[in-house]
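> Counting from 1, position 66 in the sequence shown corresponds to residue 66 in this note's numbering; the numbering is continuous, with no gaps. No residue lacks a Cβ here, since even glycine has one placed at the ideal position from N, Cα and C. Below: one structure in structure tokens.
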Amino acid sequence: MNFIYKIYQLCIALPILLVCTALTAIITIIGSWIGSAHFWGYYPGKIWSMIICKVLLIPVEVRGKEHLDKKTSYVFTANHQGAFDIFLIYGYLGRNFKWMMKKSLRKIFLVGKACESARHIFVDKSGPKKIQETYSKAREILKEGTSLVVFPEGARTYDGCMISFKKGAYQLADELQLPIVPVTIDGSFEILPRTAGFSFVRRHKLIMTIHEPIPPCGKGVEDIKVTMEKSYAAIESALPEKYKKKNNAQA
1 MNFIYKIYQL CIALPILLVC TALTAIITII GSWIGSAHFW GYYPGKIWSM
51 IICKVLLIPV EVRGKEHLDK KTSYVFTANH QGAFDIFLIY GYLGRNFKWM
101 MKKSLRKIFL VGKACESARH IFVDKSGPKK IQETYSKARE ILKEGTSLVV
151 FPEGARTYDG CMISFKKGAY QLADELQLPI VPVTIDGSFE ILPRTAGFSF
201 VRRHKLIMTI HEPIPPCGKG VEDIKVTMEK SYAAIESALP EKYKKKNNAQ
251 A
């Protein structure tokens, strides 16, 4: 079956996904140019992500959607197991949001331009001024009532376990007094881990657990630290035991 699945990926799934990716990028660019980036920056990507999971025969399970209020803006913080985290969140979170993503992704042909047109936020760490500009863009988006999705680890895991979180997303949530929603992703590491490079995907169930929002508990450095610790603990709690590092200190 594994051999047949690889042949299916190469001969059927790959051509479909390449065409879908190009069409989604073009629709997003044109739609965001002539219409609303709020609409065109989200729905084409959502449909694209769902198509990718379905074409690759990846089963998906979402838990905890009942914890979300449709009228509330959130800062979603998720662990980063692998490339399929993007498709799982984009396709199945069920909330219009903007990504906070690496600046290097802007260089991807068509996709980078589509992300820019959709007003996703590229994190520029080249200097203090650029970092502040990045946070300023995020503040404006959150003030407009749109949610934000961040991978606070900053990069995909090498072994499936979580590493220490960076503070940026939590500082924004603290400044604007917005709730943090921890999100656990499980299964993405098995499908396509960071160490696999350009490889065939392995069929495995994707599970996204949306935890209860963590409301602002105050304002300041200590409150940010407390929220980070709560978020980390919540995300790790829904991971399989083999991916838990109970003594992993926070940054």
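1) Please report how far the alpha carbon of D159 lies from the alpha carbon of F165, in whole angstroms.
2) Using the three-state DSSP reduction, which class does S164 fall into: helix, strand or coil?
3) Are S104 and I29 close, meaning C-beta to C-beta below 8 Å?
4) Count the other CB atoms within 10 Å of the CB of E153; is the residue buried (16 or more) or exposed (fewer)?
5) Over what stretch of residues does the beta strand (DSSP E) that includes I214 continue unbroken?
6) Considering only residues of the same chain and omitting the five flanking positions on each side of K6, which have a CB-CB separation below 8 Å?
7) If I measure Cβ to Cβ from P59 and keep anything under 8 Å in the same chain, skipping five residues before and after, which residues do I get?
8) If you compare alpha carbons, which of F189, A155, L142, P193 is closest to L172?
9) So does the segment 79 to 98 actually touch the segment 47 to 58, counting three or more Cβ pairs closer than 8 Å?
10) As a quick exercise: from I185, L176, S32, pick the residue whose alpha carbon is nearest that of P216.
11) Sort out for me which residues DSSP pairs L206 with in a bridge.
12) Between the segment 117 to 129 and the segment 19 to 33, do at least 3 Cβ pairs fall closer than 8 Å?
13) Please name the residue, chosen from L93, I108, T24, A25, that lies closest to H211 on a Cα-to-Cα basis.
14) According to DSSP, what are the bridge partners of L148?
15) From the DSSP output, in three-state form, read off T184 for me.
16) Relative to the C-alpha of R95, which candidate in P128, S136, G145, E222 has its C-alpha closest?
17) Strictly by DSSP, which residues pair up with F189?
18) Give a yes or no on contact between the segment 219 to 226 and the segment 58 to 76, applying the rule of three or more CB pairs nearer than 8 Å.
19) Are the CB atoms of L239 and G82 nearer to each other than 8 Å?
20) What first and last residue would you give for the alpha helix (DSSP H) that runs through V226?
21) Straight-line CA distance for A249 to V183?
According to the structure data:
1) 16 Å
2) Secondary structure at S164: coil, using DSSP grouped into helix, strand and coil.
3) no
4) With 16 or more Cβ atoms within 10 Å of its Cβ, E153 is classed as buried.
5) First-last for I214: undefined, no H or E at that position.
6) F200
7) K205, L206
8) It is L142.
9) yes
10) L176
11) BP columns for L206 point to V60.
12) yes
13) Of the residues L93, I108, T24, A25, the one whose Cα lies closest to the Cα of H211 is L93.
14) V75, K98
15) strand
16) G145
17) Answer is none; F189 lacks a bridge partner.
18) No, because fewer than three Cβ pairs between the segment 219 to 226 and the segment 58 to 76 fall closer than 8 Å, the two stretches do not touch.
19) no
20) 221 to 237
21) Confidence is the limiting factor: at A249 the pLDDT is only 43, short of 50, which leaves the residue's position unreliable and the question unanswerable from this model.
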